[in-house]
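Trainee: Once you've had a glance at the structure underneath, I'll fire off some questions.
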Amino acid sequence: MKLQALVAALAAVAGLSAAAPALAGEAVVAKLAAPVAASTKFIAGGAMFSCAGDTCVATAPTSQTYSTAACKTVAKSAGAVTSFTLATKSLDADKISACNAAASNTQVAKR
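The sequence shown runs 41 to 151 under our numbering.
Structure, rendered in structure tokens:
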């Protein structure tokens, strides 16, 4: 019985290890409408974004990093987003607008 549990646990770990490389080496990049005033870091979509100038990058994204929700967090944390990409995929204009609307609503609420 213990051997079966050990085999099941090892199989689960092997499955997770095989799934992880799907995003390995592929950064999520957010281009901003205006440069950040100072280099900044924050978590969005389960990954650390580092921002400098007009670019924020998550070099170790999770399966949740390339999402509208993560884009909204980037917009709230760093400013309006003009593009949000992972390798050859980019969020469409409607989703970018939703990201920026979330940031605008946060700014209004803070006043």
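The beta carbon of each residue, even a glycine, is placed where N, CA and C say it ideally should be.
Computed from a prediction, not measured in an experiment: that's the story for all the values here.
1) Within its chain, find whatever has a CB closer than 8 Å to the CB of K135; leave out the 5 residues flanking it on each side and keep chain order.
2) Less than 9 Å between the C-beta atoms of V97 and S90, yes or no?
3) Between A84 and A120, is the Cβ-Cβ spacing less than 9 Å?
4) List the endpoints of the continuous beta strand (DSSP E) containing V69.
5) DSSP on A84, reduced to helix/strand/coil?
6) Within a Cβ cutoff of 7 Å, which residues of the same chain sit near L131, ignoring the five residues on either side of it in sequence?
7) Do you know how far the Cα of A70 is from the Cα of D114?
8) When you compare only the Cα positions, how much space is there between T99 and T105?
Mentor: Short version:
1) T108, C111, F124
2) yes
3) no
4) 68–72
5) strand
6) T108, C111, F124
7) The amino acid occupying residue 114 in the given sequence is Val; Asp does not appear at that position. One C-alpha to the other measures close to 8 Å.
8) 10 Å
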